[in-house]
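Trainee: Going left to right, the sequence shown walks through residues 137 to 536 as this note's numbering numbers them.
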Amino acid sequence: QMERLLEDALDAGLLGLSSMTNPWDKLDGDRQRSKSLPSVYAPWAEYARLNKILRRRGRIHQGAPNLVTKLNVLAFLWDSIGGWWRKPLKTTLITLMDVKADPWLAPILGPLTRWINRLTHADFRWQTLPVPFETYADGMEFVVFEEFPAGQAALHLANHDMRSQLFQDPAYRLCFRQDVEKKFGPRVWHRDFDDAWIVDCPDASVVGKSVGELAKARDEHPADLFLDLLVAHGPRLRWRTLIANHRPEVVEKLVCEPSTLIGFADSGAHIRNMAFYNFGVRLLKLVRDAELRGQPVMPIETAIWRLTGELGEWFDIDAGRLYEGARADLVIINPSALDESLASYQEAPMEAFGGLQRMVNRGAAVDAVLINGRIAFQQGEFASDLGHARGYGQFLRSST
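#1: According to DSSP, is Lys318 helix, strand or coil?
#2: Would you tell me roughly how many angstroms separate the C-alpha atoms of Ala455 and Asn208, rounded to the nearest one?
#3: Following the continuous beta strand (DSSP E) through Pro485, name the residue where it begins and the one where it ends.
#4: Have a look at the DSSP bridge pairing and note the partners of Gln263.
#5: Quick one: any contact between the region 343 to 358 and the region 384 to 392, if contact means 3 or more CB pairs under 8 Å?
#6: Comparing C-alpha positions only, which one of Asp452, Gly491, Gly516, Gln493 sits nearest to Ile468?
#7: Tell whether a beta-carbon distance below 8 Å holds between Ile196 and Leu142.
#8: So, for Tyr481: in the same chain, excluding its five sequence neighbours on each side, which residues have a beta-carbon less than 6 Å away from its beta-carbon?
#9: Would Trp375 and Trp441 be called neighbours here (beta carbons separated by less than 8 Å)?
#10: On a Cα-Cα basis, can you pick out the residue from Gln137, Leu146, Phe415 that is closest to Arg533?
#11: Where Glu460 and Gln514 are concerned, what is the direct C-alpha to C-alpha distance, given to the nearest angstrom?
#12: Quick check: Glu282 and Leu291, are their CB atoms within less than 8 Å of each other?
#13: Relative to the alpha-carbon of Ala359, which residue among Gly344, Arg383, Phe329, Ala464 has its alpha-carbon at the smallest distance?
#14: So, for Val324: in the same chain, excluding its five sequence neighbours on each side, which residues have a beta-carbon less than 7 Å away from its beta-carbon?
#15: Based on the DSSP secondary-structure assignment, which residues constitute the bridge partners of Ile511?
#16: Helix, strand or coil for Arg494 per DSSP?
#17: Of the choices Glu277, Thr231, Leu248, Arg424, whose alpha-carbon is the least far from that of Arg372?
#18: Hey, is the region 210 to 225 in contact with the region 238 to 245, meaning 3+ C-beta pairs nearer than 8 Å?
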């Protein structure tokens with residue numbers, strides 16, 4: 137049945153299959169709360185059968201690897217390999233970033249994947265983000281706490297009062313502290329409370345300070361102080377941290393790496409935690425800044441191609457190129473506005489979710505956006521009929 141559904145989806149023009157094998161992504165609600173997504177439980181034999189269809193049809197497998205064992209990255213790589221006996225399978229995984237918790241990972245994986253592609257005729261690409269991976273959290277409402285048992289136990293409780301009781305339990309506090317102090321094991325979050333900066337809190341005296349800084353001043357363990365703050369303020373404690381892409385020189389290498397695709401904003405899945413919707417113009421800023429300081433990373437036209445033509449070609453969609461008769465999808469950029477304002481965040485209400493505040497990006501770098509020849513955005517304002525009138529966009533079918 138899954139094979140038939142995939143064939144039907146490809147017939148409809150979808151680009152391929154998107155899968156999740158990372159067990160840290162959990163279900164909410166009250167029926168199967170805290171269970172990993174169903175695709176996590178599938179054996180690789182199931183994926184192999186679906187990959188055979190994708191290979192035959194020339195389509196794409198996009199996935200997220202198991203970040204606990206990391207071993208199934210090898211399976212994704214193996215299925216991507218081509219040769220005289222089979223076509224390569226286009227495969228892209230999220231994500232290759234310079235993670236603070238694993239500083240050796242990105243410098244090794246990028247070149248290694250490039251050579252595997254060359255030697256085995258694979259077509260494997262990591263998605264990479266060209267900006268610092270700065271994240272925000274309301275209390276403990278953040279997926280990184282799924283990385284260790286104490287965090288999982290807290291997130292399983294939907295009620296703040298129940299969590300507060302748990303945070304005051306001496307046995308739990310010991311477990312949480314031990315998990316935070318572990319030096320080895322699977323992780324994305326560095327668990328360094330010196331880089332946990334409080335940006336909003338009912339207690340204004342702690343705003344602008346790190347949890348580690350406050351713990352030192354009070355002679356407490358930072359994990360204990362963090363739990364105390366959660367007991368007192370719950371999700372009203374808003375804090376930020378930099379998880380990855382903290383070294384500009386490494387990010388510059390990643391955006392130039394042939395085994396990467398520019399992407400993975402991830403913001404739509406974490407609307408209160410991050411906003412990288414404008415990563416495209418921020419890549420242009422990165423390249424332009426390097427050029428202005430006399431240390432060019434890549435030509436600006438190459439950066440534009442990486443954001444447009446390269447993605448259109450690799451994903452096999454009719455987009456990303458300008459030619460006579462083409463659909464007029466255009467973005468007009470003001471180079472002088474590629475400034476620090478692009479890295480700032482604001483919040484905007486989501487009417488469909490009862491006014492829930494989501495993180496957004498602003499900035500004056502984009503002068504205008506045309507979709508199918510119609511002005512959708514100009515001088516900081518969206519067209520009044522955008523999202524209501526037909527004709528702005530269309531379903532982009534796979535070209536294969």
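For glycine and all other residues, C-beta sits at the position ideal for the given N, C-alpha and C. None of the values given here were measured: they were computed from a predicted structure.
Mentor: Judging by the given coordinates:
#1: coil
#2: 32 Å
#3: It spans 482 to 486 - the beta strand (DSSP E) in which Pro485 sits, taken as one unbroken run.
#4: Looking at the DSSP assignment, Gln263 forms a beta bridge with Ile230, Leu397.
#5: no
#6: Gly516
#7: no
#8: Ala411, Met495, listed in sequence order.
#9: no
#10: Leu146
#11: 23 Å
#12: Contact: yes.
#13: Closest option to Ala359, Cα to Cα, is Phe329.
#14: Leu203, Val235, Ala237, Val280, Glu283, Ile379
#15: Ile511 pairs with Leu506.
#16: strand
#17: Glu277
#18: no
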